Amino acid sequence: MYKEIIFYSASFLILLFGILTIFFRNIFYSLISAICVFFLAGILFWLSGSEYNAVIQFAVYGFAVPVILGLGIMFTRKGKEEEEEKTASASNLKNILLFICGLFILAVVYLVLISLTIFPYGFNLEANLQNGINTYNNFRIFSKGLFIKYVFAFEIISIILTITAAGLTVLKKRRNV
Amino acid sequence: MEELISDNIYLILLLPLWIFLIIMLGRFFSVYVNKAIICGLSLFASLSGAISSLWLYGIFTPDKVYESTFPFIKINDFIISCGLHIDRIALIFVSTLFIISFLVQLFSISYMKNEKKEYRFYALLNLFNFALGSLFFSPNLFQTYVFWEIAGLVSYLLIGFDYLKHEKSLASKKVFLINRIGDTAFLAGIIMCSYIMYEYAPCKNLAELSFFDMNTISTLVSVYSSHFLFLIICGLFIIGVVVKSAQIPFYPWLQDAMEAKLPVSALLHSSTLVALGVYLIIRMTPFLTLSPSMLKLIVLIGLLTAFVCSLSASVQSHPKKALAYSTSAQFGLMFFAIGTLNIKAGLILFVAHALIKSMLFLTLPEENEKWDLTKFIIFVIGGLSLSGIILSGFCSKEIFACSLGLRGMTALAIISLLTAFYISRLTIVIMKTNGLEKKNDTKTEYLSIIGLLLLNILFCICLAKSESCKITMPFLTAVFGILIVFILHLKNLLVQMSHTFPSCYNGFYLDKLYMTTILDVYNKIAEISAKFDINILSNYKPAQVLARTGVKIASFVETYIMNGMVKCITVCAKKLSTIDLRIQTGNIQRYNLYAFIILTAIIVCLVIADLTIITGGGQ
Amino acid sequence: MAEITLYHYLVISLLLFIIGLVGSIMCKNIIKVLICIEFILAGVNINFAAFANYCGGAEGDGFVMILFYTGIGAVELAVAIYIFYFMYSKKQTDNVYQYGDL
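One line per chain: the protein sequences are A, B and C, in this order.
When we follow the numbering used here, the leftmost residue of the first sequence carries the number 1411, and every step to the right adds one.
When we follow the numbering used here, the leftmost residue of the second sequence carries the number 605, and every step to the right adds one.
When we follow the numbering used here, the leftmost residue of the third sequence carries the number 448, and every step to the right adds one.
Structure follows, in C-alpha cells:
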C-alpha cells in the first residue's frame, strides 16, 4: 500500500515541478524545481527496485548537476539584483524551502543506510534473513552487468569521460593563455 | 581459317560503317579525329575487306552459298529478313569494290590534301563501302533496294562535295533526281512481285523475294500474272537497271556526275556504282529467261548504247566527259553479253573494265597543268587495254567474242573500232592541250596507279591461263582504229571534231530534250496550281473561315496551354522555394523540433511495420 | 487503489519526456533549455527502470543502462555549459535567439 501512495504522490509532484521549471521567470527558481524533479526521479528509481540507481541519481543529478548549472548561472548573470529585495514572506518561504530540502537529505541518507543493510530494514528482517538476504540482489545485478556483460562499454565510456575531462582542462588552459 | 572468315565476314561491312559513324558523329561530341588515323583506318578497312573477299572467292566453289539471315520486319505472316547471302558472284563484285576503293583512298591521301573538311570525304567513302558491300551480300530484293537508296545518297553527297560551288550542287541534285526514276521503277517491280507472291503463292516465305528462291519466284510470277503484266514487271526492273548503269534513254546523268572530284569519278562512276545495274540484272536472270523478248530488249539497249555513246565520246573535248561516255559504252557491251546469257563474259568484262577505267581516271592531269610522263605512259597502256589490244582488255574482249556468232562479232568489231578511235584521239588531244613534262609527284598517287596496273596484268594472266584467247576480228579493227587516229593527227584534224559534229558532241541532244520538256511541263504545272491557289482558293469563303478559326485555336493553345504549362512550373518552383526559405530560420530550437517530428514519424512507421509482421501480417 | 503496472511508469516517463521537449523548444533562456534536456534524459531513464523491473527478470540490464546514460548526460551538460560560457563572453546575453550564428 505504501508503494502506491509514494508512487502517485511522486508522479504528481514530478509533473508539477517539471511544468513549474518552464514557467518560472527567475532562473534560480526554475533551477530549484529542477532539483526537485531529479530527486523525485530518483525515488521512482527506488520504487522500481534499484536502489543503486537512485543513489547515483541523487548524487549526480541532485548534487553535481545543480552545482554546475548554478555556477553557470551565477557567472553569467548580468547584475540581476532582484534577490536582495526580499520581503518577510519571501524569507519565510525561503525557510520552508530549506526545511523541505533538509527533509529530503535526511530521507536520502536514511534510504542509503537501509540499502546498505547497516541499519536494519525493519519490517520483515527475520523473514528476509531466513529466505536469504536478497538485498544484495541489486548489487549482484550491477556487478554482473558492469564487469561481466557490459565491461567493454564501461571501459570505453570511462576512457571517453577521461578524455573529455582532460580536453576541457587543456582547452581552458589554452584559452587563458 | 575458312570458318573464321565466314563467321566474321559481316565485320568487313561493319568496319567501314563504324569509321563513318565515328568521323561524322565525333564532331557532335567535339572529338576531331586525327587525319592520319582516319586515313589509316579507312585503308585498313578496305584492305581487310579486299583480302577477306578474295580469300573467300578462292575457297568458294561455284555452287556454294553461305546464307545467314534474321527476320527484320514482321507483320503477321509477312516477314522480311536481312543478313548475308554470299556466293561467288557477290564475292566478285565485293572484291572489285574493296580493291578499287583501297587504291582510290590511297590516291586521295595526297590528292585531297588541300581540301577543307576532308574528313567528310573519307567518311563518305567508308559509308559507300558499307552500303555497296551490304548490297552485294544482300539475301533478298528488299535489302538490295535499301542499300541501293543509300548508295544513291552517297553519290549525291560525294558529287556535291564542294557544295559551296553552285554548278556542283546543281549537278548533284540532277543526278539524284534522275536516279530516283530508276529507284521508283525498281521499287514498283519489287512491290508487284511481292504482292503476287503473298497473295497467290503456296508458301508465304516467298513474298520476301530472296535470291535463293529466285527461280521459283520467277516461274510463279509468270504463272500467276498475265503475259502483259509479266512483261511490265520485267520492264520495270529493266528501267531501274538502265537508269543506274547509264544506258540509252538515261545516260545524260553520268555527264553531270563528272562534276565530282577525280577519286570520286574513279571509284563511283566508272567502276562500282554503275555496276549495280549489272549486279541486279545477273540476279534477275531467272525472270528474263522466261521472256525472250526481254532478253532481246536488253541486247538491243546494250548495243545501241555502246554505239551511240562511243560516237559521242569520239568528239568530246573534255577528258572526263569522254571517259563518262566510254563508261556507258562499255556497260552497253556488258549488257550485250548478259543478254546473250553469257554471264561469265559479262563478269569478266566488268572486272577488266573496272580496273582499266579507274586507272584511266586516276592518271588524268589537272586543268592547265602539264601531264606527267609516267602518268602519260600508264594512260596509253590503259587506253590500249581498253580498246582490246593488250593486257586484260584484250583477253576479256576475245573471251567474249569467241562465244558470239558472225553478226555479234561484227557489232563487237565496230564498237572496238570506235573505242580505239576515241581513246587514242583523247590521248592526243590531252597531250596537245596540256603538254608533257617529267615531274616528281607524290608517291602515294604513283603507288595506287601502279597497283592498278599490276592488278590489270595479274587479271590478264589469270584469264589467259583459264580460258583461250585467240586473235579475232575485234582486235584487228581496234588496230585499224588506232591507225585512223594517227593519220588524222598528222593532218591536224582531231581537235576540231567537236565543232564538225555538234549532235555527237551534245550526246544526240538527249540531255537537252529532257531538260526542256520536263522543265517546261513542271513549270506549267506549277503555274497552273499557283493560279488556282491565288485566284480561287484564297477567295473561297469556307476556306478563309477555316483558316481564321485554325489560327485562333492555335493561338489559344499556345498562350494558355503551352505557355500555361511553363508558367505553372515556374510558379510552383517559386512557391516551393519561398516555403523552403521559411523553414530555414536559424533558430536552433525550431530545428530541434523538426528533427524530433521526423524521428517520431520514422519510429512510428517502424513500430507499425514490426507490429504488422508480429501479428501475422507478413507471412 | 489498483496495482501499479508497467504502463503507469511508462506514462510518467512519457509525460516527463514531453515536458522536457516542450521546454527545450519553447524557452528563451539557455540554462532552462539545458535543464529541459536533462529532463528528457531523466524520463528515458525512468522508462528503462520500469522495463527492467517488470520485464527484466533475473538480469537487470536496464539498470546498468541507466548508469551509463546518467554519466553521459552529466558530461554532456558540462560540455554544454562550457560552450555557453564562451558564447556568453562573446554575446553577453543568455537569450537563445541571439545564438543563431552557431
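A virtual CB, placed ideally from N, CA and C, is assigned to each residue, including glycine.
Note that the coordinates shown come from a computational prediction; the quantities given were computed from them, not determined experimentally.
- In the three-state DSSP reduction, T673/B falls in the strand class (E or B).
- The beta carbons of T876/B and L701/B sit about 5 Å from each other, so the pair counts as a contact at 8 Å.
- Residue contact with chain C for N1586/A: absent (no Cβ-Cβ distance below 8 Å to any residue of chain C).
- F676/B places its beta carbon 8 Å or farther from that of I782/B.
- The shortest CA-to-CA distance from L880/B to any of L907/B, F965/B, T748/B is the one to T748/B.
- In terms of Cβ geometry, F765/B and F725/B form a close pair [threshold 8 Å].
- Within the stretch 923-967 of chain B, no run of beta strand (DSSP E) at least 3 residues long lies entirely inside it.
- For G687/B, the enclosing beta strand (DSSP E) stretches over residues 682-690.
- The shortest CA-to-CA distance from S930/B to any of C1073/B, I843/B, T1031/B, T1023/B is the one to T1023/B.
- Between Y1546/A and K538/C, the alpha-carbon positions lie close to 52 Å from each other.
- It is roughly 13 Å from the alpha-carbon of L761/B to the alpha-carbon of M628/B.
- L695/B counts as buried, since at least 16 other C-beta atoms from the protein chains shown sit within 10 angstroms of its C-beta.
- The C-alpha of A1420/A lies about 29 Å from the C-alpha of I528/C.
- I626/B and P890/B have their alpha carbons spaced roughly 41 Å apart.
- In terms of beta-carbon proximity, L1215/B stays away from the interface with chain C, with every pair separated by 8 Å or more.
- Taking a contact as a CB-CB distance under 8 Å, the pair A933/B and S1020/B does not count as one, their CB atoms being some 11 Å apart.
- Between F1455/A and F1514/A, the C-beta spacing is not below 8 Å.
- Under the 8 Å Cβ criterion, the stretch 893-911 of chain B counts as touching the stretch 823-838 of chain B, having at least three qualifying pairs.
- Proximity of chain B to S471/C at the Cβ level (cut-off 8 Å) is accounted for by Q1193, N1196, in chain order.
- Straight-line spacing of the CA atoms in M473/C and T540/C works out to 17 Å.
- Listed as beta-bridge partners of L1040/B by DSSP are W975/B.
- Spatial neighbours of V491/C in its own chain (CB-CB distance under 8 Å, excluding positions within 5 residues in sequence) are listed in chain order as S460, F464, Y516.
- Per DSSP, reduced to three states, the secondary structure at I613/B is coil, with no helix or strand assignment.
- Spanning the alpha carbons of K924/B and I800/B requires a straight line of approximately 44 Å.
- DSSP lists N744/B as the bridge partner or partners of S814/B.
- About 5 Å separates the beta carbons of G844/B and A789/B, which is inside the 8 Å limit, making them a contact pair.
- Within 8 Å of the CB of F486/C, the CB atoms of chain A belong to G1428, T1431, A1444, V1447, in sequence order along the chain.
- Beta bridge pairing from DSSP links I1157/B with no other residue.
- DSSP places K720/B outside both helix and strand once states are collapsed to three, so it counts as coil.
- Of all residues in the stretch 504-520 of chain C, only A505, E506, G507, D508, G509, F510, V511, M512, I513, L514, F515, T517, G518, I519, G520 place a beta-carbon less than 9 Å from a beta-carbon of chain A.
- Interface criterion not met: the Cβ of F1160/B is under 8 Å from no Cβ in chain C.
- Contacts between K1413/A and chain C, judged by CB atoms closer than 8 Å, involve I451 in chain order.
- At least 8 Å separates the CB of L457/C from every CB of chain B.
- For the 8 Å CB-CB criterion, I690/B and A649/B do not form a contact.
- Close partners of V522/C in chain A (Cβ separation under 7 Å): L1571, T1574.
- With contacts defined by Cβ atoms closer than 8 Å, S996/B and S989/B form a contacting pair.
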